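A.B. asks: I have a structure here, written as structure tokens, and I will follow up with some questions on it.
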Amino acid sequence: MNGLPLFPRAASTIAPGVDALFTGLMVMTIVFSGLIFFAIAFFAIRYREGSKANRDNPRSESLPLELTWMLVPLGISFGFYFWGTTLFTRMHVAPPGAVDIYVVGKQWMWKIQHQQGNREINELHVPLGRPVRLIMTSQDVIHSFFIPAFRIKQDVLPGRYTTEWFQATQPGEYHFFCSQFCGTSHASMRGRVVVMEQAAYERWLAGATPGAPMATQGEELFERFGCATCHRANNTGRGPTLAGVANSTVELEGGGTAVADREYLRQSILDPAAKVVRGYKPVMPVFRGQLTPDQVAQLVEYIRSLGGPRVAAKGGAQ
Amino acid sequence: MSENRALVAHQFDTAAQQRGAATLGMWIFLATEVLFFGGMLMAYTVYRVTEGEAFAHASRAQNILLGGINTAVLLTSSLTMALAVHAAQGGRRTRSVMMLASTMALGALFLGVKGVEYAEKFAEHLVPGVDFHWAGPDAGGAQIYFILYFLLTGFHALHLAIGIGVIAVLTARAARGRYSAAYSTPVEVAGLYWHFVDIVWIFLYPLIYLIRVYR
Amino acid sequence: MSPHSITTHDHYLNAGYGPRSWLLTTDHKRIAILYMLSITFFFFVGGFFAFLMRLELLTPNGDLVSAETYNKLFSMHGITMVWFFLIPSIPSVLGNFLVPMMVGARDVAFPRLNLLSWYIYVVGGLFTLGAMIFGGVDTGWTFYTPFSSTYAHSNVIPVVIGIFILGFSSILTALNFIVTIHTMRAPGLTWFRLPLFIWAMYATSIILVLATPVLAITLAMLGVERIFGVGIFDPALGGDPLLFQHLFWFYSHPAVYIMILPAMGVVSELITCFARKKVFGYRFMAYSLLAIASVGFLVWGHHMFVSGQSAYAGMVFSALSFIVAVPSAVKVFNWAATLYKGTIAYHTPVLYGFGFIGLFTIGGLTGLFLATLALDVHVHDTYFVIAHFHYIMVGGAVMGYLGGIHYWWPKMTGRMYPEGWAKFAALVLFVGFNLTFFPQFILGYLGMPRRYHVYPPEFQVLNVLSTAGATILGIGYLIPFIYLIWSLRHGKNAGPNPWRSTGLEWRTPSPPPVHNFDEIPVVTTEPYTYVAEEEQRE
Amino acid sequence: MNGESPTGLYVRVAGALYFLLGLTVACAFIDMGPFNIVVALTIAVAKAVLVVLFFMHVRHAGGLTRVVACAGAFWLLFMCVLTLTDFLTRN
Chain Y
1 MNGLPLFPRA ASTIAPGVDA LFTGLMVMTI VFSGLIFFAI AFFAIRYREG SKANRDNPRS
61 ESLPLELTWM LVPLGISFGF YFWGTTLFTR MHVAPPGAVD IYVVGKQWMW KIQHQQGNRE
121 INELHVPLGR PVRLIMTSQD VIHSFFIPAF RIKQDVLPGR YTTEWFQATQ PGEYHFFCSQ
181 FCGTSHASMR GRVVVMEQAA YERWLAGATP GAPMATQGEE LFERFGCATC HRANNTGRGP
241 TLAGVANSTV ELEGGGTAVA DREYLRQSIL DPAAKVVRGY KPVMPVFRGQ LTPDQVAQLV
301 EYIRSLGGPR VAAKGGAQ
Chain C
1 MSENRALVAH QFDTAAQQRG AATLGMWIFL ATEVLFFGGM LMAYTVYRVT EGEAFAHASR
61 AQNILLGGIN TAVLLTSSLT MALAVHAAQG GRRTRSVMML ASTMALGALF LGVKGVEYAE
121 KFAEHLVPGV DFHWAGPDAG GAQIYFILYF LLTGFHALHL AIGIGVIAVL TARAARGRYS
181 AAYSTPVEVA GLYWHFVDIV WIFLYPLIYL IRVYR
Chain V
1 MSPHSITTHD HYLNAGYGPR SWLLTTDHKR IAILYMLSIT FFFFVGGFFA FLMRLELLTP
61 NGDLVSAETY NKLFSMHGIT MVWFFLIPSI PSVLGNFLVP MMVGARDVAF PRLNLLSWYI
121 YVVGGLFTLG AMIFGGVDTG WTFYTPFSST YAHSNVIPVV IGIFILGFSS ILTALNFIVT
181 IHTMRAPGLT WFRLPLFIWA MYATSIILVL ATPVLAITLA MLGVERIFGV GIFDPALGGD
241 PLLFQHLFWF YSHPAVYIMI LPAMGVVSEL ITCFARKKVF GYRFMAYSLL AIASVGFLVW
301 GHHMFVSGQS AYAGMVFSAL SFIVAVPSAV KVFNWAATLY KGTIAYHTPV LYGFGFIGLF
361 TIGGLTGLFL ATLALDVHVH DTYFVIAHFH YIMVGGAVMG YLGGIHYWWP KMTGRMYPEG
421 WAKFAALVLF VGFNLTFFPQ FILGYLGMPR RYHVYPPEFQ VLNVLSTAGA TILGIGYLIP
481 FIYLIWSLRH GKNAGPNPWR STGLEWRTPS PPPVHNFDEI PVVTTEPYTY VAEEEQRE
Chain P
1 MNGESPTGLY VRVAGALYFL LGLTVACAFI DMGPFNIVVA LTIAVAKAVL VVLFFMHVRH
61 AGGLTRVVAC AGAFWLLFMC VLTLTDFLTR N
């Protein structure tokens, strides 16, 4: 009744590339194992005990042969290495202008938050034909966000942002799974991606009881936790001014610099003493345990909404 | 094992083969031990890189003087151990017993000083998982520093205690005249172990105590 | 009564009978038998867990066991099979029995240490078994933090202690082998006159000695984090979970080679003996074992391509992983070339040898899929990985182990097993194995994640096929178990060298006398001098 | 051994070890930035080499012992270096 599928649907820009690589490796596997199987079967029959095959001058070593079967596999290996690594680089770096969606994994569900304020659980609505980047973190253990039809997967770690991106090429519904074992109901921690035409996607964004946009919610939190007491405009407070800080390069106390990407902002909220901006004291209270990952994401979006240098999107969390 | 039994076990042909096997066996065991401590040292390396500032602050809580004295004590014990091996190889019973006993005493002294340091840590609430309060800003990194401190020095102390136990047995046997110019392999092999434990400490001292003592 | 009595000479089996003579033995051959009994027990325990898992996976819903039970089943299956069966299997059974005999020694260098290592194994095993009976563990054999250290509610600590204890057993056995091979070779037995099985044991022992302590300390740190609630690996407490993965895979990737290298050694012996021809490219075969053992230490990061590890580290580890393919390819090609112009006799052991080469080839080549960064992203943590490593571990290591058992059984017991049944069992195993695990490759590429208790219905057909195969496989394992026991009493008398092999272990009666050789052999030729032997006869 | 008593030699080695201990403590009090750790580890390696060569008799030992003595250290180095390829290139 369910049929016997042998090959997964390919519904992202990256999927055909991965399938081509898979096919290439398949061909290599079939050629080599075919060669070995044939050689063994042929020799095993031809030189069976009692056969009259010619056994003159049996050899038990040959440097040219050894070199051949060292160098040929080495060459083929490196061919596949470069193929796979080039493609990986493409998969790793999201193109500019991607739709950013926040994903939080927790035992045992996926919570998704759109910039516009829409929230979903175990469902992910995305537009067709536009790059979408998932900015993911976990509330407890390690999870992994796996969309087979898009051929992408990335572990979702507590205490850190990881990202993955895709651009869907076919509208429809696809599975996503948690693929890193995370406890009792690991196998139920799955859901569906709904790929929609741009217009339908926008209708969905507007229609499904959206809350305030994330940045606005972040601003409320910013007020509620009194962040503005220290983070004032024009560097007059005890903390640095946050306007324009997103994506800028900040100098750190104790030497070195850091790019104020999402990961830096997240860390600086939760564990402020880790990377203190030069000229400031580590006086900010620790918010680890005080804020949910959703709230941290809202604050990060708020800080980003305050402006900052535009940079080309990179693979790491921006 | 009776006294008059041949000193070469049945599986060996010669005493030299037996001695070579025992020595090689101990060296291989020490390679294993390097990687046992290596797991903790790798954790140390990673966090020293990612939490460098915290480690520098946390290490200020250490007593450099006690650590230094302990290093000197262990170095001396290595000297007495080397002399004990030499004496045993020469068949000088009294001297080998004396040197083994000194080695044990120095080892015990080290553990005593270590105990004092541990007691200080408890008094200063610097024992993660049991009683840990860190006033400074980077409590997370400091906590990891102290976990690794207790793990590394704890396993080192455990190795030292085992070494003392082994040497105690050897001392008793040496006193009964079991070792001679012809057969002193157990003392030699135990010596290798003891020196290894010393070497571990040679690395631990700068890594734990001397991260940033200037300023 | 029995017409085939083998009591005509004094040997290690009739040297003493009571339990004391076994439990206090320092004879490497008896210790090998003790190990064989213990690991067989754990093999069937682990197999039982696997059988229940396959039953559960017959349907997409969780109808046989609960999610919690299923998680415990796959965890305990992995833990039992990896640490209590595969890692000790060939080294502790065949290695213990054969290393001293193959190097022409009366025993291993440290016989009492050897017995101690068996006791450590038993203590570790019983500890773990106890922990499994009284609640089990549900972390997977990989113990990823912070799940294992903070969130799991099962018996993590007792199981970890059991594995920690077991580690010492591995280390002591390996240490014993290295010293024995270095210092106790018979006169004239130079390094390049050693059988490849000895080279394989040597390479394996190096890995055991250098990798096992890292596992021990990693598990110790995991235990400290769990018991004291301090943060070494848990980010909520300031640690980094990827550090655990680095430490764990620094042991556990080489551990895969601990399982497969000994099987490669066994298969080299089988192929050369039954082709009656020296192993092709002997030196390359020896060096490739050492190359796999050492390069195998540098590739662990390929388990972490999607873990959040840096992309640059991923590229380094991917490149190093591809390099391991070269010595593995060298081995496969040389085995095939050994058959060329040989005189192949179809006895049971060589069937396992052929099976091994075929399955290892598929397992190895699919390993390249996983070493390829872009492709691993899709297949990582899916059934593709499961299929791949079962081709290596079951198709490779277990086939090698069974081949070795069939090859040396006459030496160990002095008895022959029924050849017809043995060939039948080999065939059943080969068919059952492929039916079980080949569908899992497809399932994996379709996207079925591993460690799933319930799954979307479109994966059912392939899962049913796999379960059907597992049933055949299970029966396949029971057949040798039965006829080997039967042969102990009723098997034909084997004689000292039923396969007309050239190895030193065959130059002594079967079963061997307590001290192996009445007179220590003197070696004057390279190994596997089959051609010279045939010419001599003419 | 080679006839002469090694007692004097051992005492001299121990003297060198004490000296290096003093040196490592002294260096720790000088701000050398990132080079403090380099100096400290270099001195530690020097001390370890002294112990290995003289007290553990590797000076007189064969190649095998030397290889085994280095193996553990090398493997530890592999482990740390390859792990740092991850931790140092995360961004």
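Residue numbers (our numbering), protein chains in the order written: chain Y, 1 to 318; chain C, 1 to 215; chain V, 1 to 538; chain P, 1 to 91. Every residue, glycine too, gets a C-beta built ideally from N, C-alpha and C. Since the model is a prediction, treat every value here as computed from it, not as a measurement.
Return yes when the Cβ of V:G503 is within less than 7 Å of the Cβ of V:P195, no when it is not.
C.D. replies: By 1-based counting over the third sequence, the position of residue 195 of chain V is 195. By 1-based counting over the third sequence, the position of residue 503 of chain V is 503. Result yes, Cβ atoms of V:P195 and V:G503 sit closer than 7 Å.
A.B. asks: Is the CB of P:M56 under 7 Å away from at least one CB in chain V?
C.D. replies: Within the fourth sequence, the letter at position 56 stands for residue 56 of chain P. Not closer than 7 Å to any Cβ of chain V, the Cβ of P:M56 fails to qualify, so no.
A.B. asks: Under 7 Å, Cβ to Cβ, is there at least one residue of chain V near Y:E319?
C.D. replies: Because chain Y spans 1 through 318 in this model, residue 319 of chain Y falls outside it and cannot be assessed.
A.B. asks: Between V:H246 and chain P, is there a C-beta pair that is closer than 7 Å?
C.D. replies: As a first step, residue 246 of chain V must be located in the third sequence, where it is residue number 246. It does; some Cβ of chain P falls within 7 Å.
A.B. asks: Under 7 Å between beta-carbons, which chain P residues line up against C:V166? List them in chain order, please.
C.D. replies: What you label residue 166 of chain C is simply residue 166 of the second sequence in a count that begins at 1. Here the premise fails: no neighbours, minimum Cβ distance about 16 Å.
A.B. asks: Would you decide whether V:D107 is buried or exposed? Buried here means 16 or more other CB atoms lie within 10 Å of its CB.
C.D. replies: Numbered from 1 along the third sequence, position 107 holds the residue referred to as residue 107 of chain V. V:D107 should be labelled buried.
A.B. asks: Residues of the region 130-141 of chain C in Cβ contact with chain Y at a cutoff of 7 Å, in chain order, please.
C.D. replies: Residues P137, D138 and G140.
A.B. asks: Go ahead and label C:A135 buried or exposed: buried means 16 or more other beta carbons lie within 10 angstroms of its beta carbon, across all protein chains shown.
C.D. replies: One-based indexing of the second sequence puts residue 135 of chain C at position 135. Exposed: under 16 other Cβ atoms inside 10 Å.
A.B. asks: Just to make sure I have the definition right: I need the residues of chain C whose C-beta is within less than 8 Å of the C-beta of P:T24. Which are they?
C.D. replies: Here residue 24 of chain P refers to the residue found at position 24 of the fourth sequence. Result: Y205, P206 and L210.
A.B. asks: Pull up the distance between the alpha-carbon of P:G8 and that of C:F12, whole angstroms please.
C.D. replies: Here residue 8 of chain P refers to the residue found at position 8 of the fourth sequence. Here residue 12 of chain C refers to the residue found at position 12 of the second sequence. C-alpha separation (whole angstroms): 35 Å.
A.B. asks: Among the candidates V:L86, V:Y452, V:G444 and V:L94, whose CA atom is the shortest distance from the CA of V:V45?
C.D. replies: Working through the third sequence from its first residue, we reach residue 45 of chain V at position 45. The shortest Cα separation from V:V45 among V:L86, V:Y452, V:G444 and V:L94 belongs to V:L86.
A.B. asks: Shortest alpha-carbon distance to C:A182 belongs to which of C:E53, C:F29, C:M40 and C:Q89?
C.D. replies: On the second sequence, position 182 is the one that residue 182 of chain C refers to. Nearest C-alpha to C:A182: C:Q89.
A.B. asks: Taking the continuous beta strand (DSSP E) assigned at Y:L134, which residues delimit it?
C.D. replies: Here the question's residue 134 of chain Y lines up with position 134 in the first sequence. Note, Y:L134: beta strand (DSSP E), P131 to S138.
A.B. asks: Roughly how many whole angstroms lie between the Cα atoms of Y:L265 and C:Y145?
C.D. replies: The residue labelled residue 265 of chain Y in the question sits at position 265 within the first sequence. The residue labelled residue 145 of chain C in the question sits at position 145 within the second sequence. Rounded to the nearest angstrom, the two C-alpha atoms are 25 Å apart.
A.B. asks: Of all the residues that make up the region 25-44 of chain C, which are near chain P by a beta-carbon distance shorter than 9 Å?
C.D. replies: Here the close residues are W27, I28, L30, A31, T32, E33, V34, L35, F37, G38, G39, L41 and M42.
A.B. asks: Residues of chain P with a CB under 7 Å from the CB of V:H182: which are they?
C.D. replies: Here residue 182 of chain V refers to the residue found at position 182 of the third sequence. Result: L64.
A.B. asks: Name the one or two DSSP bridge partners that Y:H114 has.
C.D. replies: As a position in the first sequence, residue 114 of chain Y is number 114, starting the count at 1. Looking at the DSSP assignment, Y:H114 forms a beta bridge with Y:I101.
A.B. asks: With a CB to CB cut of under 6 Å and the five nearest residues on each side skipped, what residues in its chain are close to Y:Q318?
C.D. replies: The residue you call residue 318 of chain Y lines up with position 318 of the first sequence. Only weak support exists for where Y:Q318 lies, its pLDDT of 40 falling under 50; the value from the coordinates is given anyway. Result list for Y:Q318: D261 and R262, in chain order.
A.B. asks: Residues of the region 335-349 of chain V in Cβ contact with chain Y at a cutoff of 9 Å, in chain order, please.
C.D. replies: So the list reads W335, A336, A337, T338, L339, Y340, K341, G342, T343, I344, A345 and Y346, given in the order they occur along the chain.
A.B. asks: Considering only DSSP beta bridges, list what Y:G172 is partnered with.
C.D. replies: Mapped onto the first sequence, residue 172 of chain Y falls at position 172. For Y:G172, which the question treats as bridged, DSSP gives the partners Y:V195.
A.B. asks: Are the CB atoms of C:I211 and C:F55 nearer to each other than 7 Å?
C.D. replies: Along the second sequence, read from residue 1 onward, the residue named residue 211 of chain C stands at position 211. Along the second sequence, read from residue 1 onward, the residue named residue 55 of chain C stands at position 55. Yes. Within cutoff.
A.B. asks: In the DSSP assignment, find the unbroken alpha helix (DSSP H) run with Y:A41 in it and report its ends.
C.D. replies: Position 41 of the first sequence, counting from 1, holds the residue named residue 41 of chain Y. A15 to R46 is the extent of the alpha helix (DSSP H) around Y:A41.
A.B. asks: Measuring CB atoms only, is the region 285-301 of chain Y touching the region 129-147 of chain Y, in the sense that at least three cross pairs come out at less than 8 Å?
C.D. replies: Counting Cβ pairs under 8 Å, three or more are found: they touch.
A.B. asks: So, is V:D10 buried or exposed, given that buried needs 16 or more other C-beta atoms within 10 angstroms?
C.D. replies: Looking up residue 10 of chain V in the third sequence gives position 10. Exposed is the call here.
A.B. asks: Looking at the unbroken beta strand (DSSP E) that takes in Y:P127, where does it start and where does it end?
C.D. replies: As a position in the first sequence, residue 127 of chain Y is number 127, starting the count at 1. Taken as a continuous stretch (DSSP letters only), the beta strand (DSSP E) holding Y:P127 covers E123 to P127.
A.B. asks: Based on Cα-Cα distance, which residue from Y:I76, Y:W69 and Y:T13 lies nearest to Y:V27?
C.D. replies: Residue 27 of chain Y sits at position 27 when you count from the first residue of the first sequence. Selected option, being the one with the closest Cα: Y:I76.
A.B. asks: Report yes if the C-beta of C:A105 is less than 6 Å from at least one heavy atom of the ligand ADP; otherwise report no.
C.D. replies: In the structure shown, the ligand ADP is absent, as is every other ligand, since no ligand is present at all.
A.B. asks: Going by the DSSP bridge assignment, what does Y:T257 pair with across the sheet?
C.D. replies: Position 257 of the first sequence, counting from 1, holds the residue named residue 257 of chain Y. In the DSSP output, where bridge partners are listed per residue, Y:T257 has Y:E251.
A.B. asks: Does the beta carbon of C:A21 come closer than 7 Å to any beta carbon on chain V?
C.D. replies: In the second sequence, counting from the first residue as 1, residue 21 of chain C sits at position 21. It does: the Cβ of C:A21 has a partner Cβ on chain V nearer than 7 Å.
A.B. asks: Show which residues of chain C have a CB atom less than 8 Å away from the CB atom of V:G544.
C.D. replies: No answer is possible for residue 544 of chain V: the residues shown for chain V start at 1 and end at 538.
A.B. asks: Under the rule that 16 or more other beta-carbon atoms within 10 Å means buried, what is Y:Q290, buried or exposed?
C.D. replies: For the purposes of this step, residue 290 of chain Y is taken as residue 290 along the first sequence, with counting starting at 1. Classification for Y:Q290: exposed.
A.B. asks: Nearest chain C C-beta to Y:A273 closer than 7 Å, yes or no?
C.D. replies: For the purposes of this step, residue 273 of chain Y is taken as residue 273 along the first sequence, with counting starting at 1. Answer yes: the Cβ-Cβ gap between Y:A273 and chain C drops below 7 Å somewhere.
A.B. asks: For chain Y, find out if any of its Cβ atoms is closer than 7 Å to the Cβ of V:K278; answer yes or no.
C.D. replies: As a working mapping, residue 278 of chain V is identified with position 278 in the third sequence. Cβ-Cβ to chain Y under 7 Å: yes for V:K278.
A.B. asks: When you compare the region 450-465 of chain V with the region 490-498 of chain V, are there three or more beta-carbon pairs, one atom per stretch, that lie closer than 8 Å?
C.D. replies: Output reads no: the region 490-498 of chain V does not touch the region 450-465 of chain V.
A.B. asks: Does the CB of V:H210 have a neighbour CB from chain P at under 7 Å?
C.D. replies: In the third sequence, counting from the first residue as 1, residue 210 of chain V sits at position 210. It is worth fixing the name first, because residue 210 of chain V is Leu in this sequence and not His. So, interface residue.
A.B. asks: Can you tell me which of the three DSSP states C:D198 falls into?
C.D. replies: Indexing the second sequence from 1 puts residue 198 of chain C at position 198. In this structure, C:D198 counts as helix in the three-state DSSP scheme.
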